[in-house]
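Numbering (the numbering used here), first residue to last: 996 to 1380.
And the structure:
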């Protein structure tokens, strides 16, 4: 087993929390809106299948990064996939495409945070976005170790808040869970959003580097982080459906639940939403900072600014809703996964070993992941009825 040097060494819980924090953000808070347009049985089936498929996907991503000494996506594609005269052009196209995906994704976090501050404190959207940006970007400015520590604290806090919210929901007036078949479009749209909510593919190289290439701990951190996210998705979806019923908007699940519960309990809903958005903001902007740094060789703080400031500018224009931003970002990020699988296929052949995935990285599983990825991309573009 080789040892990989990273920016900082992470503990197992910090690494796991980075996986959790990447997913438990805009996507997980958008799931209940789409879940309300499907039956509860379909919700359970989709969540379980998405977990299994995402574990395989993330292990593949981890092994690709491991084979390239903990590199981020673009460097992996450059080393394993692109070649010939168009290599440089393709690398920059991938860099721009993936960068736009993250930028729009982070814009969703800012839009969602603004909705929380508006509902909770009556702040204007502009002030709410600025406040969230300053606090969130400041953590990433310090570096990966502080991000890991903050993610760990935030994840523990979110689990505690969800437990309290669940208790409060069960003691309030509850609506029935959705039943019946609502159409294939709605199933695919939910499948797409759950897949996106579990996606921490861009944070996986941070785990590989932070755990210094320890194969067993990398594998365990990925499986544990995704399992925690599955638990949070199910609990948040169930309590939102029971609490808010059909009154679920596109502002984010717990904003609606907090409005239903009212009183002091509503404050917990707002706090959870801000924590969830913050963890994803930290993870995504840290990843994009490293991608920009690897591609441009700019100073790390200039790369941080280039990764975070455009997100604020796009959010200020208000060109989409919270869920709208999230679904747009999911289209690009999920499609990017196809290129990653092709690069992994070549990398696996070149290295003649598979320390992380074993048989789950073989061609049949690669094809399954690509098909699921394409299906999720289609679902992200479908209208919900």
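Glycine is no exception: its CB is placed at the ideal position from the N, C-alpha and C atoms.
Relative to the C-alpha of residue i, which candidate in the options has its C-alpha closest?
i, options, result
"residue 1288", "1262, 1102, 1167 and 1302", "1302"
"residue 1306", "1234, 1128 and 1243", "1128"
"residue 1304", "1014, 1133 and 1009", "1133"
"residue 1111", "1043, 1004, 1252 and 1340", "1252"
"residue 1341", "1380, 1166, 1077 and 1050", "1077"
"residue 1219", "998, 1003 and 1018", "1018"
"residue 1140", "1009, 1167 and 1075", "1009"
"residue 1299", "1098, 1333 and 1189", "1098"
"residue 1160", "1079, 1257 and 1075", "1257"
"residue 1263", "1377, 1155, 1048 and 1013", "1155"
"residue 1332", "1055, 1119, 1025 and 1312", "1055"
"residue 1362", "1051, 1015 and 1224", "1051"
"residue 1311", "1174, 1067 and 1108", "1108"
"residue 1049", "1229, 1377, 1296 and 1196", "1196"
"residue 1149", "1296, 1292 and 1011", "1011"
"residue 1291", "1213, 1277, 1087 and 1023", "1087"
"residue 1005", "1269, 1360, 1138 and 1178", "1138"
"residue 1157", "1075, 1084, 1265 and 1045", "1265"
"residue 1101", "1277, 1259, 1243 and 1297", "1277"
"residue 1173", "1243, 1122, 1259 and 1350", "1243"
"residue 1066", "1285, 1239, 1024 and 1364", "1285"
"residue 1026", "1045, 1231 and 1014", "1231"
"residue 1175", "1296, 1045, 1079 and 1031", "1031"
To the nearest angstrom, report how far apart residue i and residue j are at their CA atoms.
i, j, result
"residue 1337", "residue 1163", "47 Å"
"residue 1072", "residue 1335", "7 Å"
"residue 1211", "residue 1221", "16 Å"
"residue 1152", "residue 1267", "8 Å"
"residue 1070", "residue 1089", "10 Å"
"residue 1028", "residue 1193", "16 Å"
"residue 1366", "residue 1379", "22 Å"
"residue 1261", "residue 1282", "32 Å"
"residue 1226", "residue 1216", "15 Å"
"residue 1233", "residue 1348", "42 Å"
"residue 1093", "residue 1167", "43 Å"
"residue 1191", "residue 1105", "18 Å"
"residue 1171", "residue 1368", "32 Å"
"residue 1294", "residue 1308", "22 Å"
"residue 1116", "residue 1124", "13 Å"
"residue 1002", "residue 1235", "39 Å"
"residue 1352", "residue 999", "18 Å"
"residue 1189", "residue 1053", "15 Å"
"residue 1255", "residue 1007", "37 Å"
"residue 1096", "residue 1043", "26 Å"
"residue 1223", "residue 1199", "16 Å"
"residue 1130", "residue 1229", "29 Å"
"residue 1120", "residue 1082", "42 Å"
"residue 1169", "residue 1208", "47 Å"
"residue 1013", "residue 1178", "35 Å"
Let me know the secondary structure DSSP gives residue i once reduced to three states.
i, result
"residue 1299", "helix"
"residue 1107", "helix"
"residue 1352", "coil"
"residue 1291", "helix"
"residue 1341", "helix"
"residue 1243", "coil"
"residue 998", "coil"
"residue 1133", "helix"
"residue 1191", "helix"
"residue 1073", "helix"
"residue 1232", "helix"
"residue 1006", "coil"
"residue 1169", "coil"
"residue 1381", "Any question about residue 1381 goes unanswered here, given that the chain covers just 996 to 1380."
"residue 1204", "helix"
"residue 1378", "coil"
"residue 1065", "coil"
"residue 1182", "helix"
"residue 1280", "helix"
"residue 1115", "helix"
"residue 1100", "helix"
"residue 1364", "helix"
Please confirm whether residue i has its beta-carbon closer than 8 Å to some beta-carbon of chain D.
i, result
"residue 1342", "Reference to chain D is not applicable here, since this structure consists of a single protein chain."
I'd like to know if the region 1271-1280 and the region 1127-1146 are in contact, where contact means that at least 3 CB-CB pairs between them fall below 8 Å.
Touching, yes, given that three or more Cβ pairs across the two stretches are closer than 8 Å.
Do three or more CB pairs link the region 1052-1060 to the region 1190-1208 at distances below 8 Å?
The region 1052-1060 vs the region 1190-1208: in contact.
Is it true that the region 1171-1188 meets the region 1356-1375, where meeting means three or more beta-carbon pairs spaced less than 8 Å apart?
Yes, they touch.
Assess contact between the region 1029-1041 and the region 1349-1368, defined as three or more Cβ pairs (one per stretch) separated by less than 8 Å. Is contact present?
No: fewer than three Cβ pairs fall under 8 Å.
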